[in-house]
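For the sequence shown, the positions run 1 to 412 when our numbering is used.
Every residue gets a Cβ at the ideal spot worked out from N, C-alpha and C, and that includes glycine.
Computed from a prediction, not measured in an experiment: that's the story for all the values here.
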Amino acid sequence: MRWTQDLANRVRDVHVSSFAIRHTFQKEVSEKTKVFLSSRIASGSARSDAQGLGGGNILGTVRHQYSPRLDFEATAALLRSHLLSLKGIYHDDENAVVVETVLSPRMLPPPLTVTYSRRLFSDAPTEGVLVLHTGGQPYLSASIVAPHAFNLTAESPSGPAASSAGSASGLGVGMRQSTYGINLVGIGSSLRADWGVVFSELAVQAKFGVSLSLAGFSWLLSGAWGDEQGGVTTTVALNTSGVELKLDMTYLGQRLVVPISLSDDYDALLGLVTATVPTAAFVLAYQFILGPRRQKHRAAFFRAARREFVEERTSVRREVEESVALLRDTARKHTQAEKAKEGKLGFIAIHVSIRPVTGTWTGLVIMEATYGPMAPDPELRDLMVDVTIPLQALVHKSQLYIPGHRTKVRVS
């Protein structure tokens, strides 16, 4: 059949486009200066050959922090094509400037890239970014980057991640980012927009980008997962060159890139169908790998918290019982006083949040009050503390009085 022949031809056309091996050594000369020495062997990459990095080469890099706001970096190719790359970075609370250039006999005059970014609003992390590049293919780009961190858990967003159980689904903490910009590259100029989201608890990120140029409309959808050992990135791209599905896998410093060209023509329907591949892959990975791993992490966190709670429970319980014993008579008197009023009213306090149950607003009786984590999770039951008597002791004239200089956060 014809489709089997086409498939066989495509399989035979698969080949290694580039191959590289790199070893890197790092030496900290001083607190502000670091030296890196890399040996690299590469073949089959035209880009590496053009930059003098193909074949065999040795790269030396020096990074120096001149001040808390000013950094310098220099990289030299010591064997082939005596290439020297220079980079300077200046940054403060509102601005950042990056200047890069490459000195090489093959590139005259030397290309220069200047990147300037500035925070646009004092109450938001939105930034404006300008990039100017000179050289064989000069370009100018301007963009606005608007990141927004989100935390849908009960814990404070500013708290340390290690001390928090996080969300049950793993999708409650992360960052959303939107980017809108324009690229001026002659007839290749374009308008672009990107939207992305990062779920930090799962180490998963997704990105969708669109671009409109004189050549037409194009879009890109990518999803990535990774940790300190490796990761997987899946990308689907649709442009005038056709439809491409690319898999990028890394593990322990090894990288494998598999580009799959599905069509040489602009095929929107094929692109949409192909986009279901990374989507389905994420759903399956979340259902069978990431989700169960997240549940195990939360279970381990609660076991550790429960173990720590049990270890301290004896001394804490003794202190609590002593405090409750001192307040018991006061709480009983306040309860009798509230019940003696005409038309008594019962209240239940849950997580120190009080709501009426029956009757009219004439008396305040704390029927039940517990203190503990806000999340309604079965794993948290052992961490709840009964505070009914201490709260009733604070009731006076049908009002709950909180002593001065004490926080009233989450008490309503």
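- With a 10 Å radius around the Cβ and a threshold of 16 neighbouring Cβ atoms, Tyr401 comes out exposed.
- Nearest to Gln177 by C-alpha distance, out of Thr75, Phe25, Glu127, Asp329, is Glu127.
- In this structure, DSSP gives Gln287 a helical state, which the three-state scheme calls helix.
- The continuous stretches of beta strand (DSSP E) do not include Gln392, which lies in the alpha helix (DSSP H) extending over residues 388-393.
- A distance below 6 Å between beta-carbons, with the five flanking residues on each side excluded, links Val97 to the following residues of its chain, in chain order: Tyr90, Tyr116.
- Counting along the chain, the unbroken beta strand (DSSP E) around Val365 starts and ends at 365-371.
- The segment 143-151 and the segment 267-283 do not touch, with fewer than three beta-carbon pairs separated by less than 8 Å.
- Counting along the chain, the unbroken beta strand (DSSP E) around Gln205 starts and ends at 204-213.
- The straight-line gap separating the alpha-carbon atoms of Gly60 and Leu270 is approximately 46 Å.
- Cβ-Cβ distances below 8 Å link Leu262 to Gly242, Val243, Glu244, Leu245, Leu270, Thr274 in the same chain, with the five nearest sequence neighbours on each side left out; the list follows chain order.
- Beta-bridge analysis with DSSP links Tyr139 to His133.
- Here Glu127 carries a strand assignment [DSSP, helix/strand/coil].
- Scanning its chain for C-beta atoms nearer than 7 Å, with the 5 sequence neighbours on each side dropped, one finds around Ala331 the residues Ile389, Gln392, Ala393, in chain order.
- In this structure the segment 208-226 does not lie against the segment 291-302, because fewer than three pairs of beta carbons, one per stretch, are closer than 8 Å.
- Less than 8 Å separates the beta-carbon of Val173 from that of Thr153.
- Judged by DSSP in its simplified three-state form, Gln177 adopts strand.
- Residues of the same chain with a CB within less than 6 Å of the CB of Gln205, apart from the 5 flanking positions on each side, are Val198, Ala224 in chain order.
- In the same chain as Pro111, and ignoring 5 residues on each side of it, the C-beta atoms closer than 8 Å to its own belong to Thr101, Val102, His133, Thr134, Gly135, Gly136, in chain order.
- For the pair Val232 and Met249, the CB atoms are nearer than the 8 Å cut-off.
- The beta carbon of Gly88 sits closer than 6 Å to the beta carbons of Phe72, Val99 from its chain, once the five residues preceding and following it are set aside; these are given in chain order.
- In summary, Thr24 is exposed, with fewer than 16 beta-carbon neighbours lying within 10 Å of its beta-carbon over all protein chains present.
- Distance from Ser39 to Arg63 at the Cβ level is roughly 18 Å; contact not present, criterion being Cβ atoms closer than 8 Å.
- Taken in chain order, the complete beta strand (DSSP E) segments of 3 residues or longer contained in the segment 225-299 are 230-239, 242-251, 254-263.
- Cβ-Cβ distances below 7 Å link Asp264 to Gly242 in the same chain, with the five nearest sequence neighbours on each side left out; the list follows chain order.
- In the three-state reduction of the DSSP assignment, Ala20 falls in the strand class, which pools E and B.
- Judged by DSSP secondary structure, Ala42 falls within the beta strand (DSSP E) whose first and last residues are 33-43.
- A direct Cα-to-Cα measurement between Ile144 and Pro125 gives close to 11 Å.
- Around the Cβ of Thr240, a 10 Å sphere holds fewer than 16 other Cβ atoms; the residue is exposed.
- In the structure shown, Ala96 falls within a strand segment according to DSSP collapsed to helix, strand and coil.
- Its chain contains Glu94, Asn95, Glu127, Gly128 as the residues whose beta carbon lies nearer than 7 Å to that of Arg118, once the 5 sequence neighbours on both sides are disregarded; these appear in chain order.
- Our two residues, Pro292 and Gly170, have alpha carbons roughly 10 Å apart in a direct line.
- For Ala74, the enclosing beta strand (DSSP E) has its first and last residue at 70-77.
- For Val185, the CB contacts under 6 Å within the same chain, skipping 5 residues up- and downstream, are Tyr139 in chain order.
- Ala193: member of the beta strand (DSSP E) spanning 190-199, first to last residue.
- Residue range 84-91 is occupied by the beta strand (DSSP E) that includes Leu86.
- Distance between Gly216 and Asp6, taken at the CA atoms: about 29 Å.
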